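Undergrad: Please read through the structure below; I'll follow up with questions.
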Amino acid sequence: MQKILIVEDEKAISGVLHSILSDELTDYEFVIADDGLEGYKQIEKEDFALVISDIKMPKLSGTELLKQSLAIKPESTFIMISGHADIDSAVSCLKDGAYDFISKPIDINRLITSVKNALVKETLKKENKNLQTENKTLKKKVNKKYQMIGESVALKKIQDMIEKVAVSDARVLITGPNGAGKELVAHAIHNLSERSRGPMVEVNCAAIPSELIESELFGHVKGSFTGAIKDKQGKFEQANGGTIFLDEIGDMSLIAQAKVLRALQESKVSPVGSDKEIKVDVRVLAATNKNMQTEIEAGRFREDLYHRLSVIEIYVPPLDERKDDISLLVSHFSGLIADEHGTVLKKFDDSAIDALKALSWTGNIRELRNVVERLIILGGATVSEEDVASFVRK
1 MQKILIVEDE
11 KAISGVLHSI
21 LSDELTDYEF
31 VIADDGLEGY
41 KQIEKEDFAL
51 VISDIKMPKL
61 SGTELLKQSL
71 AIKPESTFIM
81 ISGHADIDSA
91 VSCLKDGAYD
101 FISKPIDINR
111 LITSVKNALV
121 KETLKKENKN
131 LQTENKTLKK
141 KVNKKYQMIG
151 ESVALKKIQD
161 MIEKVAVSDA
171 RVLITGPNGA
181 GKELVAHAIH
191 NLSERSRGPM
201 VEVNCAAIPS
211 ELIESELFGH
221 VKGSFTGAIK
231 DKQGKFEQAN
241 GGTIFLDEIG
251 DMSLIAQAKV
261 LRALQESKVS
271 PVGSDKEIKV
281 DVRVLAATNK
291 NMQTEIEAGR
301 FREDLYHRLS
311 VIEIYVPPLD
321 ERKDDISLLV
331 SHFSGLIADE
341 HGTVLKKFDD
351 SAIDALKALS
361 WTGNIRELRN
371 VVERLIILGG
381 ATVSEEDVAS
391 FVRK
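Heads up: the sequence shown begins at 1 in full-length UniProt numbering, then just goes up one per residue.
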């Protein structure tokens, strides 16, 4: 139960305040301090949802109590009361950080209103603080999820390119096989850019039916097609001020490609079924596992869109070309999996790492992550070469 502290040297007044407020605020416990010094000791000892303090008191005045308490607990909420009320006292208390100032004789209705409002403010403050803490924790988890792990020459070359392109707004085309970590590159670019405070919106172009891709990217208005029961905001508009990541761009239909090209040229989008143009400020990152020159020659991808998207091109090699990173990747994935499963971190001995390096990884880093999880679940206390031979079929 949260507590409210009443600091008042006149017992009759503190008794009345306690009686009235305890009837109104049954979810709170009340603590009484007979002077400012005792009040300060109580505040040092525990946290209070609210402090109601007189100003004129022996040993330590209310104004001093306010200043000293906020010095050690700046989140404290104070309502000051005084029989010696004047404008200077009120202004001084409010400047020093008090929530409100009430003069004696006390208007009970005004006091109750002020106390309730202060408690609502305190609750919102705590909820906001909790939300900020949760957001920081979540951001750390997200950043950990998208870490680029390894020390190979190939990875260091990619990281060097990321650092150079992140500070600009240049469009980047990320190429490489499935499961190699193209989305990690996209997240790294966004996180290091000035747009990192904005949204990062991902679109898997291969997972969206061709007849819906335009609506997904640019939105639609109600009634524009069967099933459009309400207006919908598109991914470009959602990413305004941030980054949009068009994954598997090589699978996008030619019609949608034309619309994307126009959006890139004009920085405007038009929802399906609307003549309205919406200005968007979006950085575009794209990725594909296809050979884009082959796609262009076959007429499946627009050459002008390719040149718009590939101002910078970053190639992410398959895991088979960076096997030196397997040891670090296994260690990284082991930590993530232990956190996810709530289990003790499992180690892989050197023979297990050598056995994993000897394998061919056609599914790349994604496949390695799945294999690590399988070995952690099925393997011994320390994962060995025998575990790899038993549970990894190649």
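Positions of the beta carbon are idealized from the N, C-alpha and C atoms, including for glycine. These numbers come from a predicted model, not from an experiment.
Under the DSSP definition of a beta bridge, which residues are partnered with Ser53?
TA: Val7, Met80.
Undergrad: Count the other CB atoms within 10 Å of the CB of Lys45; is the residue buried (16 or more) or exposed (fewer)?
TA: exposed
Undergrad: Just reading off the beta strand (DSSP E) that Arg283 is part of, what are its end residues?
TA: 283-288
Undergrad: Between which two residues does the alpha helix (DSSP H) carrying Tyr40 extend?
TA: 36-45
Undergrad: Measuring alpha carbon to alpha carbon, tell me which of Val330, Asp160, Glu194, Leu94 ends up nearest Asp349.
TA: Val330
Undergrad: For Thr362, count the other beta carbons within 10 Å of its own beta carbon; 16 or more makes it buried, fewer makes it exposed. Which is it?
TA: exposed
Undergrad: Three-state secondary structure (DSSP) at Thr362?
TA: coil
Undergrad: Ile189 lies in the alpha helix (DSSP H); which residues open and close that run?
TA: 182-192
Undergrad: Quick one: grab the DSSP three-state call for Val167.
TA: In the structure shown, Val167 sits in coil (DSSP, three-state: anything other than H, G, I, E or B).
Undergrad: So, for Ala90: in the same chain, excluding its five sequence neighbours on each side, which residues have a beta-carbon less than 6 Å away from its beta-carbon?
TA: Phe101
Undergrad: By DSSP's criteria, Phe48 is part of a beta bridge. Which residues make up the other side?
TA: Note: Phe48 sits in no beta bridge, so no partner.
Undergrad: Are the CB atoms of Thr123 and Cys93 nearer to each other than 8 Å?
TA: Cys93 sits away from Thr123, with the two beta carbons spaced by 8 Å or more.
Undergrad: Give the secondary structure of Ile149 by DSSP, where H, G and I count as helix, E and B as strand, and everything else as coil.
TA: coil
Undergrad: Using alpha carbons as the reference points, say which of Ile81, Ser152, Val115, Lys3 lies closest to Arg322.
TA: Ser152
Undergrad: Going by beta carbon distance, what residues of the same chain come within less than 6 Å of Ile32, once the five residues before and after it are set aside?
TA: Ile6, Ser14
Undergrad: Here's a check: name, in chain order, each residue in its chain whose Cβ is nearer than 6 Å to the Cβ of Ala256, leaving out the five neighbours to either side.
TA: Ile213, Glu214
Undergrad: Less than 8 Å between the beta carbons of Gly242 and Met292, yes or no?
TA: Not closer than 8 Å, so no.
Undergrad: Phe245 bridges to which residues according to DSSP?
TA: Glu202, Leu285
Undergrad: Between Ala381, Ile312, Pro317, which lies nearest to Lys346 when the distance is taken from Cα to Cα?
TA: Ala381
Undergrad: Between which two residues does the alpha helix (DSSP H) harbouring Leu212 extend?
TA: 210-218
Undergrad: Go ahead and label Asp325 buried or exposed: buried means 16 or more other beta carbons lie within 10 angstroms of its beta carbon, across all protein chains shown.
TA: buried
Undergrad: Is it true that the CB of Ile249 sits closer than 8 Å to the CB of Phe236?
TA: Not closer than 8 Å, so no.
Undergrad: Taking 8 Å as the threshold, find out whether the stretch 305-312 comes into contact with the stretch 159-177 through three or more Cβ pairs.
TA: Yes, they touch.
Undergrad: Give the range of the beta strand (DSSP E) segment to which Tyr315 is assigned.
TA: 312-315 is the span of the beta strand (DSSP E), which, as asked, contains Tyr315.
Undergrad: Using only CA atoms, which one of Lys73, Lys95, Ala71, Ile72 lies nearest to Met80?
TA: Lys95
Undergrad: If you follow the beta strand (DSSP E) that Glu29 is part of, which residue opens it and which one closes it?
TA: For Glu29, the enclosing beta strand (DSSP E) has its first and last residue at 29-33.
Undergrad: Would you call the stretch 21-31 in contact with the stretch 55-72, where contact means no fewer than 3 C-beta pairs closer than 8 Å?
TA: no
Undergrad: Would you mind working out which of Pro58, Ser61, Met57, Asp47 sits nearest Lys73, comparing C-alpha positions?
TA: Asp47
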